[in-house]
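K.L.:
One structure coming up, written as structure tokens, with questions to follow.
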Amino acid sequence: MTGKLKMEGQPLAGLPWEDRPAGCKDVMWRYSANPIIGRYHIPSSNSIFNSAVVPFKDGYAGVFRCDNKAVQMNIFAGFSKDGINWDIEHEPIRFKAGNTEMIDSDYKYDPRVTWIEDRYWITWCNGYHGPTIGIAYTFDFKEFFQCENAFLPFNRNGVLFPQKIDGKYAMLSRPSDNGHTPFGDIYISYSPDMKYWGEHRCVMKVTPFPESAWQCTKIGAGSVPILTEEGWLMFYHGVITTCNGFRYSMGAAILDKDNPAKVLYRTRAYLLAPAAPYEMQGDVPNVVFPCASLYDATTGRVAVYYGCADTVVGMAFGYAHEIIEFTKKNNIV
Ligand code: BMA
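Here's what the structure looks like:
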């Protein structure tokens, strides 16, 4: 079912899915078998979370954040037939030089993956004198080519659009600091060639307290935006500072199709907030951190992949037209 809304985009027949539980009135619901990836899924891992997946061949591929038992952050390739059961490589991705000489990378975390034109692009938080946005591409998830960092330190949550806008690559990001940043708004930047980035524009800011308190400390782009008839649907995280620290929840925004610096709608109420035990307990309690979504334009089904408590990976489901309706009704723009 697609509802009244005609959705744009590609069909994805085998998208992982579970129907809304009987009696559930929420716009999005958790997979009943969460978490889909446990913390010790590969021999070296202390935790696996904040990871990204895409359709690949007759199944799926992904890039996973696996922190090891020395709690070093790195990213690993993985493959799956159904999007739920994953084989993750035991060795981290080794990059070759892409559009520049090899640049230092002290650590890598929070990857996103996007298919654009002829290849998969990966962005992540790259340790280069502090966090900034690293970029690489791959054709097969075996060989990876690292490109120039997009920005000066410090920056996090770099998320590419899946197609060029006005002939240029476009990326959302969140300028930050070198620590557990107590602020953060979402910006957009453009590039003609995936090497030089500019035309930086502010997209959206934190909400003024107490308008929508779950997103009043910082916000960051989450999943690669999905093109719908109403604009770009993007899941993002919002953070509130509580007396026990940060709490990360998930909301949605709809950005103008031709000028995504313009926010059309944005959720006042969150779509998903830490409530399940695996979201409230872990290495960093109370974190729901979306990094990817799959979308089937035929049915309108959306599957979101999110990190839970910086420890494991979970999934949540919804219908794009219902999420858009909810976002419009709960609009805070
Ligand atoms: C951010 C990043 C994320 C993490 C989040 C919550 O600064 O480190 O990887 O999920 O904090 O701890």
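Take the sequence shown: its position 107, counting from 1, is numbered 111 in this note's numbering, and each next residue is one higher. Backbone N, C-alpha and C fix where the C-beta goes; we use that ideal spot for every residue, glycine too.
Starting from Ala324, trace the alpha helix (DSSP H) both ways and give me its first and last residue.
P.N.:
324-333 is the extent of the alpha helix (DSSP H) around Ala324.
K.L.:
Can you tell me whether Ala265 is helix, strand or coil according to DSSP?
P.N.:
In this structure, Ala265 counts as coil in the three-state DSSP scheme.
K.L.:
Do you know offhand how far Arg160's Cα is from Pro179's?
P.N.:
So the alpha carbons of these two residues sit roughly 6 Å apart.
K.L.:
Roughly how many angstroms separate the alpha carbons of His325 and Gly13, rounded to a whole number?
P.N.:
Approximately 13 Å, taken between the alpha carbons.
K.L.:
Mind pulling the beta strand (DSSP E) runs of 3 or more residues that sit fully within the region 232-305?
P.N.:
If we require 3 residues or more, the beta strand (DSSP E) runs fully inside the region 232-305 come out as 235-246, 249-259, 267-270, 292-300.
K.L.:
Does the beta carbon of Asp314 fall short of 6 Å from some heavy atom of the ligand BMA?
P.N.:
Indeed, a heavy atom of the ligand BMA lies less than 6 Å from the Cβ.
K.L.:
Relative to the ligand BMA, is the shortest distance from any of its heavy atoms to the C-beta of Asp122 smaller than 6 Å?
P.N.:
No, Cβ of Asp122 sits at least 6 Å from all heavy atoms of the ligand BMA.
K.L.:
Give the secondary structure of Trp218 by DSSP, where H, G and I count as helix, E and B as strand, and everything else as coil.
P.N.:
Helix, per DSSP.
K.L.:
Take Tyr323 as the anchor and find which of Ile336, Val317, Leu298 has the nearest alpha-carbon.
P.N.:
Cα-wise, what sits closest to Tyr323 is Leu298.
K.L.:
Give me every residue whose Cβ sits closer than 7 Å to any heavy atom of the ligand BMA, in chain order.
P.N.:
The filter returns Phe53, Asn54, Tyr113, Asp114, Arg160, His184, Thr185, Phe250, Tyr252, Val288, Val291, Phe293, Gly311, Asp314, in chain order.
K.L.:
For the putative contact between Ile230 and Ser177, defined by C-beta atoms under 8 Å, what is the C-beta separation to the nearest angstrom?
P.N.:
At roughly 19 Å, the Cβ-Cβ gap does not stay under 8 Å, so Ile230 and Ser177 are not in contact.
K.L.:
With 16 as the cutoff for other CB atoms within 10 Å, does Tyr200 come out buried or exposed?
P.N.:
With fewer than 16 Cβ atoms within 10 Å of its Cβ, Tyr200 is classed as exposed.
K.L.:
State the CB to CB distance for the pair Leu275 and Gly255, rounded to an integer number of angstroms; the pair is presumed to be in contact (CB under 8 Å).
P.N.:
With 8 Å as the limit, Leu275 and Gly255 qualify as a contact, their Cβ atoms being about 6 Å apart.
K.L.:
From this set, Trp218, Asn290, Phe148, Val228, which residue's C-alpha is nearest Arg2's C-alpha?
P.N.:
A question about residue 2 goes unanswered here, because the residues of the chain that appear run from 5 up to 337.
K.L.:
From the DSSP output, in three-state form, read off Asp91 for me.
P.N.:
If DSSP states are grouped into helix, strand and coil, Asp91 belongs with the strands.
K.L.:
With DSSP collapsed to three states, give me the class of Lys100.
P.N.:
Note: Lys100 maps to strand in three-state DSSP.
K.L.:
Can you list, in chain order, the residues of its chain with a C-beta nearer than 6 Å to that of Gly18? Leave out the 5 residues immediately preceding and following it.
P.N.:
Closer than 6 Å at Cβ, skipping near neighbours: no residue.
K.L.:
Report the rounded CA-to-CA distance for Phe149 versus Asn103, giving the unit in angstroms.
P.N.:
So the two alpha carbons sit approximately 8 Å from each other.
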